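Just so you know, we're using the numbering used here here: the sequence shown kicks off at 44 and counts up by one.
Here a beta-carbon is modelled for each residue, glycine too, at the ideal position from N, C-alpha and C.
Since we're looking at a predicted model, the values are computed, not measured.
Single-structure report; data block below.
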Amino acid sequence: MPTHISPLDLNFISLKRAALLIAKDRAGVEPDEIMDLFKHALFAGEFECKETNVAAEFRSEEINLPLIRIETPPAQRMLPRLAPEHRPQQFFAVRAATVGEILVEREALPGRPEDWSALTVFLGNQQIIDDFHHALAHTPYEAFPTEAHAILGDIHLSRLKLRTWMDYKRYDLPAFLNRPAPVSPQLPARPALRLVHSRTEGTAGKMQRGRPRKAAWARIEALVRELYAANPETPRGVLAFDAHKAATREFDEKDLPSLETVQRQMKHLLEGDD
């Protein structure tokens, strides 16, 4: 689970940032209106249902569930006098129930706490939990206090998850989800550099120049092709993520290429050398 998500990481996006970009892409739509859709989807269970599950073969909470930044489990050296918001925090994959509990603990529910007491005192009862989530889903986003807006806006989703959810809802995809991630002109994409022993007749002993390939590359190539053969309709980004995730269970980090490298090599992995 990531302890930190960089704003430059193209794999994840905060709900606040996504709402701003979608509103920018839709004339007459305000970011808070998009946040109201996200809030409803969260508490209505739309981010947890099988229809929006984007991991084909290897389940991954990190790519399938909202990520929220909350306090890291206490360490022995942690100062007990620090307030929770000042203690070390990291991102955790959560479901609607956890987000609801955080809103209760931070006193970030709309209106007065006593207005919600009938639904928050007995949260161990599943029927009450369902009623609580229904109320949160259908309470206007503008009615939530500033603290709730900060909590909900800082929730992150994988971009694949967001795109899958928008497809599920039959929403038109905004520009930032409907095109490949841009490459900075200051940092052009470099061709992959590999060191490969040729086994073809007449070229024995020759090698391609460049850095040695990571030990996990051959396994990732095989996984990508196996996953593609099983479901050719799977987006290449999902194939890359699933294959890389599976390889992390078999290889040390030093032997793994980065996910971004795998994504850049998907055309080669599926179509071979030109």
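The alpha-carbon of Glu76 is positioned some 48 Å away from that of Ala258.
With contacts defined by Cβ atoms closer than 8 Å, Phe284 and Ile106 form a contacting pair. The segment 171 to 187 makes no contact with the segment 198 to 205; the number of CB pairs closer than 8 Å stays below 3. Beta-carbon to beta-carbon, Leu270 and His287 are separated by about 11 Å, too far to satisfy the 8 Å threshold.
Judged by DSSP in its simplified three-state form, Ile48 adopts coil rather than helix or strand.
Secondary structure at Ala70: coil, using DSSP grouped into helix, strand and coil. When DSSP states are grouped into helix, strand and coil, Ser160 belongs to the helix group. In the displayed model, Ala259 falls within coil according to three-state DSSP, outside both helix and strand. Annotation for Ala193: no beta strand (DSSP E) segment contains it, though the alpha helix (DSSP H) segment containing it runs 189 to 196. Contact annotation: Phe86 and Ala139 have beta-carbon atoms nearer than 8 Å.
With fewer than 16 other beta carbons inside 10 angstroms of its own, Pro183 counts as exposed. Counting every other CB atom within 10 Å of its CB across the protein chains shown gives Gln170 a total below 16, marking it as exposed. When only Cα atoms are considered, Arg155 and Ile145 end up about 16 Å apart.
Going by DSSP, Gln133 is part of the beta strand (DSSP E) stretching over 132 to 136. Relative to the Cα of Ala289, the nearest Cα in the group Ala265, His311, Lys310 belongs to Ala265. The shortest CA-to-CA distance from His177 to any of Pro300, Ile48, Ala84, Leu63 is the one to Ala84. Taking the CA atoms as reference points, Ala161 sits about 25 Å from Ala193.
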